[in-house]
Amino acid sequence: MTTGLLNTSEPLPMEAARQALALLPGVSPDWRRHPIEQVVSPDLFFGLDCKLAVRSGAQPRAIGTARARAVLTAGHVLQGSASVAVVLDASKRRLPWAHYAARTGTVEAINKADPADLVTGFLHARAGNTLLDLGKTGSYVMSLLDRVPQVDRQARLKTQTRRLLWAAQLVPGTEPEAQVEAGDDGVFRVRMAIAPQLLPTFVDFCEVLALHDWLLAALKNAFDRSARRGRRAEDEIDPALTYLGHIWNPTAHLSSQEMRSLWQALEDEAQLTWEWQSTLTRVRDKVTLLTRKAIEETLHKESV
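Take the position in the sequence shown, starting the count at 1, then add 52; the result is the number in my numbering.
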């Protein structure tokens, strides 16, 4: 899943956001106003015929469709989320395409594979032209928003996209158990064993984690850029504070107690909210100092 800033000068109002994310003709996006405005596009499906990464042995061939959607939070933060359900040992040969088209969001693996090996392979494989790459699918869904009339393509805030990879092994009756890794490459990787009925809430958890990881990185980058020579500090930190400062609220997006508990465990380990509040305080302190300096300079000019 990929997270970035919608390429527009101002956050989209709710009605404009709903129009922009109506990516499937005749199907309205889901939306909510509280606690933070959020619009979710209808699911889109993309045909796949690729290899699945494994740590050892032959790479299984996977055929089917990926499920993807766009999520817009606070009219400004855009996510492209893509996933597949992998069915093992479904067939030993390629079947007619109608078979796969009828099973949306699912790929069937030809050749045997170990589920745990597939999870590890997906999370840690290097990108390749023949391998399953859901990040590209998510990025493509995000790019569709560049083409809608509601987006003016004049973003005031300079940010970079960030990626999160997740993989879940479905184990009926198991308690949720997750491993979260923040890689040196800037990619979050989440691995989980989970009961099938909890999978939708786990996807929500990963989207929330990706959103808040991006928020923290974007605010820190804006603060760092404000100190570089040749830049007006206000041009960097004012948009960041205005557009991002109010969005942080991770547990508000998590509906299940299991995922709230998982987030709390992550907080205990990584202290993400503390880091956000610390960074936000530094940004606000700098704004205060810049404002005071500007007032003093104005008063000095008037007294000369």
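Even for Gly, the Cβ is constructed at its ideal location relative to N, Cα and C. Only a predicted model underlies this, so the values are computations on that prediction, with no experimental measurement involved.
Specify, as a first and last residue, the run of the beta strand (DSSP E) that residue i falls within.
i    : result
L222 : R214 to L222
K231 : Note that residue 231 corresponds to Gln in the displayed sequence, not to Lys. From DSSP, the beta strand (DSSP E) with Q231 extends over E229 to A234.
T55  : T54 to L57
L130 : V129 to S135
R84  : D82 to R84
V193 : Taken as a continuous stretch (DSSP letters only), V193 belongs to no beta strand (DSSP E), being part of the alpha helix (DSSP H) at L186 to S195.
A91  : One point to set straight first is that residue 91 is Val, not Ala, in the sequence displayed. Q90 to V92 is the extent of the beta strand (DSSP E) around V91.
Output the distance between the C-alpha atoms of residue i and residue j, rounded to the nearest integer angstrom.
i    : j    : result
T325 : P291 : 21 Å
Q202 : D141 : 45 Å
K210 : L186 : 25 Å
Y295 : W315 : 24 Å
L75  : I347 : 48 Å
E367 : V159 : In the structure displayed, the chain extends from 53 to 356; residue 367 sits before or after that span and is not available.
R344 : R208 : 24 Å
V91  : L64  : 11 Å
L183 : L342 : 50 Å
I88  : A317 : 23 Å
G132 : K188 : 9 Å
R145 : A126 : 46 Å
D237 : T350 : 45 Å
G305 : S61  : First, the amino acid is wrong: residue 305 is His here, not Gly. If you take the alpha carbons of H305 and S61, they lie about 26 Å apart.
A269 : L332 : 12 Å
S307 : I246 : 16 Å
G297 : L263 : 13 Å
E84  : K272 : In the sequence on display, residue 84 carries Arg and not Glu. Computed Cα separation, rounded: 28 Å.
Q212 : A322 : 22 Å
I299 : R178 : 33 Å
G78  : R205 : 26 Å
L293 : Q249 : 38 Å
R280 : F254 : 40 Å
H151 : H176 : 30 Å
L147 : L251 : 27 Å
S330 : G109 : 47 Å
For residue i, which residues in the same chain have their Cβ closer than 6 Å to its Cβ, ignoring the five residues on either side in sequence?
i    : result
W218 : V242 and C258
D95  : R119 and R121
W149 : none
S93  : L73, L75, P81, R121 and A122
R107 : D169, T172 and G173
M66  : E89
P167 : Q221
W266 : T55 and R214
Q231 : R243
Which partner residues of residue i appear in the DSSP bridge assignment?
i    : result
L8   : Beyond the ends of the chain as shown, which are 53 and 356, falls residue 8; an answer cannot be given.
I162 : R113
L100 : G116
R121 : S133
V260 : BP columns for V260 are empty, so no partner.
L183 : K103
V139 : E160
With residue i as the anchor, note down where its alpha helix (DSSP H) starts and where it stops.
i    : result
R243 : Per DSSP, R243 belongs to no alpha helix (DSSP H); it is in the beta strand (DSSP E), F240 to I246.
Q309 : Q309 to A322
Q202 : No alpha helix (DSSP H) contains Q202, which DSSP labels as neither H nor E.
E62  : First-last for E62: undefined, no H or E at that position.
T172 : P167 to H176
A126 : Looking at the DSSP string, A126 is not in any alpha helix (DSSP H), and its letter there is neither H nor E.
I299 : Note, I299: premise wrong, no alpha helix (DSSP H); not H, not E.
H151 : W149 to A153
A69  : M66 to A72
Only counting the same chain, and skipping five residues up and downstream in sequence, which positions put a Cβ closer than 7 Å to that of residue i?
i    : result
I289 : A274, F275, S278, V335, K338 and V339
H128 : L57, L58, P63 and Y295
Q111 : K103, L104 and A105
G190 : M53, T54, A120, G132, S133 and A134
R155 : G116
V260 : P302, H305 and L306
E319 : T325
A234 : F240
F98  : T117, A118, A120 and T189
F68  : Note that residue 68 is Ala in the sequence shown, not Phe. Counting only Cβ-Cβ distances below 7 Å, and skipping sequence neighbours, we find Q202.
E286 : L342
Going by beta carbon distance, what residues of the same chain come within less than 8 Å of residue i, once the five residues before and after it are set aside?
i    : result
F174 : L104, A105, L184, L217 and A219
L130 : T55, G56, L57, L58, A122, V123, L124, M194 and L197
L100 : A114, I115, G116, T117, A118, V136, V159 and L184
V200 : Q71 and A72
V223 : A245, I246 and A247
Would the C-beta of residue i count as close to the ligand NAD, meaning under 7 Å from any of its heavy atoms?
i    : result
D101 : Absent from the structure shown: the ligand NAD. Ligands present: none.
Contact the segment 305–314 vs the segment 128–144: 3+ CB pairs below 8 Å = no
task = Say whether the segment 158–172 touches the segment 227–235, bearing in mind that this needs 3 or more beta-carbon pairs closer than 8 Å, one atom from each stretch.
result = no
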